[in-house]
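Just remember that the numbering used here sits 25 ahead of the position in the sequence shown, which is counted from 1.
Glycine included, each C-beta is placed from N, C-alpha and C at the ideal position.
Note that this is a predicted model, so its numbers are computed, not measured.
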Amino acid sequence: MAQLWGGRFTKETDHLVYQFNASISFDRRFYKQDIEGSIAHVTMLGKQGILTQEEQREIVSCLKGIKEDVEAGRLPITDEYEDIHSFVEANLIERLGDTGKKLHTGRSRNDQVALDMRLYTRLEVLKTRELLRELLKVLLRIMKENTETIMPGFTHLQKAQPITLAHHMGAYFEMFKRDDSRLCDIYERMNYCPLGSGALAGTTYPLDREYTAELMGFYGPTLNSMDGVSDRDYLIEFLSALSVIMMHLSRFSEEIIIWNSNEYRFVELDDAYSTGSSIMPQKKNPDIAELVRGKTGRVYGALMALLTTMKGLPLAYNKDMQEDKEWSFDAFDTVKGCLALFTGMLDTMHFCKDVMKKSAKNGFTNATDAADYLVNHGVPFRDAHGIVGRLVLYCLEKGAAIDELSLDELQAVSPIFEKDVYDAVSMETCVDARRTVGAPSKQAMEAVIAQEEAWLEALENEPHCAK
Ligand code: ARG
């Protein structure tokens, strides 16, 4: 058992207590951030004359050596240390003796862990944004290729009005674009450095907190030391944004599962992204989409767990906060994995355009347009709605679409119908007539696509935060 705090104790920690308390099994994940933070801290201590230049140089180069050794597998991070902070410090002391003991001057594990987790999470925010960007690129490609691919749009999972595949994908583009902007906001708010908060009340050493903040790419130091060590809002915000991403991915997955079903056949998943059954040879299952949908629950779980952990905590640091890590890490990994796989699945998915169009045609998705036709010929909308309702009933009995009826049949329901009704209710016209901003016509869609493309390009050039 390697502990940093034995002085005031006369007895050994109970073995189970030690294990219960230890966090090395999961905080080893941010050894890099821990070392980065220590290097910045020591560099500042040297600049301030709290450590000599020589001591500073020695400690920094030894910390770099520890990092290299860990990375090369020469120095395994084992369970004999309580946490990653003890691991680094113990190894430093082993290598440097008394000089190593000066590392922790003006620092507490409370501000140290607050820093490590923030550094680690900050990187995760950026990695998630990168994966979102890949997904957005695929969506944009599909949108560009399918401004004329007609499909039924649904409400209540009932065919409603014709739209295009570009339009449907465009809806998801908007969702993931908002997700990116949420991550961007979080980054902006969280990018302040808690190091120097000490245990809770700052320190008596003349630390230069602006300097350490700058060394690690923060906008500045946090402004209250009690808040600095006990704020986990940024994590809650991130888990919340991740939950929303999963909610979006899950809705999308649900649609893909439906579209891939035998009844719909709107899409076919690539062999590389689907799985078979051990007993039913005909099966090609959408397991990836189902897993993404299923994993949404565990990300929500991480959010709920942390919200609940934090809700009753008095200021400042409490050991409860150690619980911020495992679920968060699980959520970070889960969302990254889901985004990457979902993007691959979408990118390789085949859209059965004929089936989609046929489905739109056979579902009375032009009924509203038939009513609008009557309205344009002077029939009040409510009456037009009734007339077309009767028409649909007739079609259902006959097993035909509205535009498959003869003019005589149409006129038997309303004499207002003329030959030009066929053109007015064709799928192409129905889509083309919807030209307002955000509507599915090719014209409206192309305007939106141009905007989205410009936005994505700006994001490429300024990956941290293009709004
Ligand atoms: N493992 C701890 C955590 O994750 C590090 C901070 C320990 N601080 C303390 N006062 N015990 O929160």
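When the options are compared against residue i, the one with the closest alpha-carbon
i      : options                        : result
ASN287 : LEU274, PRO311, ASP372         : PRO311
ARG147 : ASN285, GLU262, ILE282, ALA464 : GLU262
GLY301 : ALA425, LEU421, GLY322, ILE313 : ILE313
CYS254 : GLY223, ALA365, GLN28          : According to the sequence provided, residue 254 is Val. The question's Cys does not apply to it. Of the listed residues, the one whose Cα sits closest to VAL254 is GLY223.
ALA47  : LYS308, GLN28, TRP284          : GLN28
ALA392 : VAL150, VAL380, TYR419, LYS89  : TYR419
GLN436 : ASP448, ILE412, LEU100, ASP296 : ILE412
LEU100 : GLY322, ARG53, THR124          : ARG53
VAL292 : THR228, SER278, MET305, ILE304 : SER278
THR390 : ASN135, ASN116, PHE179, THR130 : PHE179
ARG257 : MET194, HIS181, ALA341, PHE243 : ALA341
PHE45  : ILE64, VAL163, GLU107, GLU61   : GLU107
PHE499 : LEU151, GLU280, LEU331         : Any question about residue 499 goes unanswered here, given that the chain covers just 26 to 492.
LYS152 : TYR56, GLY122, LEU208          : LEU208
ASP394 : VAL438, ARG134, CYS455         : CYS455
THR359 : ARG323, PHE198, THR333, ILE283 : ARG323
ASP136 : TYR43, VAL150, PRO187, MET251  : MET251
TRP284 : GLY414, VAL380, LYS386, GLU80  : VAL380
VAL317 : GLN307, PHE367, ILE118, TYR230 : PHE367
PHE243 : VAL446, GLY62, LYS57, SER466   : GLY62
ARG82  : ALA65, ARG290, GLY32           : ALA65
THR321 : GLY90, GLN307, LEU274          : LEU274
PRO103 : GLY90, THR38, ILE49            : Here the sequence assigns Thr to residue 103, which means Pro is not the residue at that position. Checking every option, the nearest Cα to that of THR103 belongs to ILE49.
THR461 : VAL42, HIS192, GLN78, ILE91    : HIS192
ALA425 : ILE282, LYS386, THR124         : LYS386
PHE55  : THR35, ARG33, GLU96            : GLU96
LYS350 : LEU484, TYR43, PHE51, ASP39    : PHE51
ARG132 : THR229, ALA458, ARG154, MET241 : THR229
GLU493 : ARG290, LEU164, ARG134         : An answer regarding residue 493 cannot be provided, because it is not within the stretch 26 to 492 covered by the chain.
GLY90  : THR77, LEU117, GLU105          : LEU117
LYS210 : MET241, GLU453, VAL150         : The sequence given here has Asp at residue 210, not Lys. Measuring from the Cα of ASP210, the nearest candidate turns out to be VAL150.
LYS57  : ARG134, LEU432, GLU93          : GLU93
Whole-angstrom C-beta distance between residue j and residue i, which should lie under 8 Å
i      : j      : result
HIS110 : VAL85  : Actually they do not touch by this definition, with Cβ atoms about 17 Å apart.
LYS382 : MET176 : 7 Å
LEU156 : LEU364 : 4 Å
GLY362 : LYS184 : With 8 Å as the limit, GLY362 and LYS184 do not qualify as a contact, their Cβ atoms being about 34 Å apart.
ASP295 : THR189 : 22 Å between Cβ atoms; not a contact.
PRO246 : GLY227 : With a Cβ gap of about 10 Å, PRO246 and GLY227 do not count as contacting.
VAL113 : ILE75  : About 19 Å separates the two Cβ atoms, so there is no contact after all.
GLY195 : MET470 : 7 Å
LYS162 : LEU481 : 7 Å
TYR398 : ALA464 : Actually they are not in contact, since the Cβ atoms of TYR398 and ALA464 sit about 18 Å apart, beyond 8 Å.
LEU416 : VAL438 : 5 Å
LEU232 : GLN73  : 7 Å
LYS378 : THR174 : 5 Å
THR124 : GLU80  : 5 Å
LEU260 : LEU332 : Rounded, the Cβ-Cβ distance is 10 Å, inconsistent with contact.
Boundaries (first-last residue) of the alpha helix (DSSP H) holding residue i
i      : result
MET374 : Element bounds for MET374: n/a, residue is neither H nor E.
THR172 : Segment: none, THR172 is in no alpha helix (DSSP H) and carries neither H nor E.
LEU331 : 312–335
GLU83  : 78–96
THR35  : Taken as a continuous stretch (DSSP letters only), THR35 belongs to no alpha helix (DSSP H), as it is neither H nor E.
GLU493 : This structure gives no information on residue 493, because the portion of the chain shown stretches from 26 to 492.
GLU280 : 258–284
TYR43  : 40–46
GLN476 : 467–486
LYS57  : 56–72
ALA426 : Element bounds for ALA426: n/a, residue is neither H nor E.
GLN307 : Careful: GLN307 lies outside any alpha helix (DSSP H) and carries neither H nor E.
ASN249 : Taken as a continuous stretch (DSSP letters only), ASN249 belongs to no alpha helix (DSSP H), as it is neither H nor E.
SER222 : Here SER222 belongs to no alpha helix (DSSP H), and DSSP marks it neither H nor E.
GLU13  : Since the first residue shown for the chain is 26 and the last is 492, residue 13 is missing from the structure and cannot be characterised.
VAL438 : 432–438
SER50  : 49–52
LYS378 : 378–386
Where the beta strand (DSSP E) through residue i begins and ends
i      : result
ILE188 : 183–189
Heavy atom of the ligand ATP within 7 Å of residue i beta-carbon
i      : result
ARG234 : The ligand ATP is not part of this structure, which contains only the ligand ARG.
Original post:
Counting Cβ pairs, one atom from each stretch, are 3 or more of them under 8 Å apart for the region 265–274 and the region 191–211?
Top reply: Result yes; three or more Cβ-Cβ pairs closer than 8 Å.
**OP:** Kindly confirm or deny that the region 210–218 and the region 140–147 touch, where touching means at least three C-beta pairs closer than 8 Å.
**Re:** yes
**OP:** State whether the region 156–174 contacts the region 463–482, with contact taken as three or more CB pairs (one from each stretch) at a distance under 8 Å.
**Re:** Contact between the region 156–174 and the region 463–482 is present, because at least three Cβ pairs lie under 8 Å.
Original post:
Taking one C-beta from the region 62–70 and one from the region 236–253 each time, how about it: are there three or more such pairs within less than 8 Å?
Top reply: With a cut-off of 8 Å, the region 236–253 and the region 62–70 count as touching, because enough Cβ pairs lie within range.
Original post:
Counting pairs of Cβ atoms below 8 Å between the region 437–444 and the region 397–417, do you hit three or more?
Top reply: The way I'd put it, the region 437–444 does touch the region 397–417; three or more beta-carbon pairs between them come closer than 8 Å.
Subject >> Segment contact flag, the region 294–308 with the region 337–346, C-beta cutoff 8 Å, min 3 pairs >> reply: Per the Cβ contact rule, the region 294–308 is not in contact with the region 337–346 (fewer than 3 Cβ pairs under 8 Å).
Subject >> Segment contact, 8 Å Cβ cut-off, at least three pairs: the region 351–358 with the region 323–330 >> reply: yes
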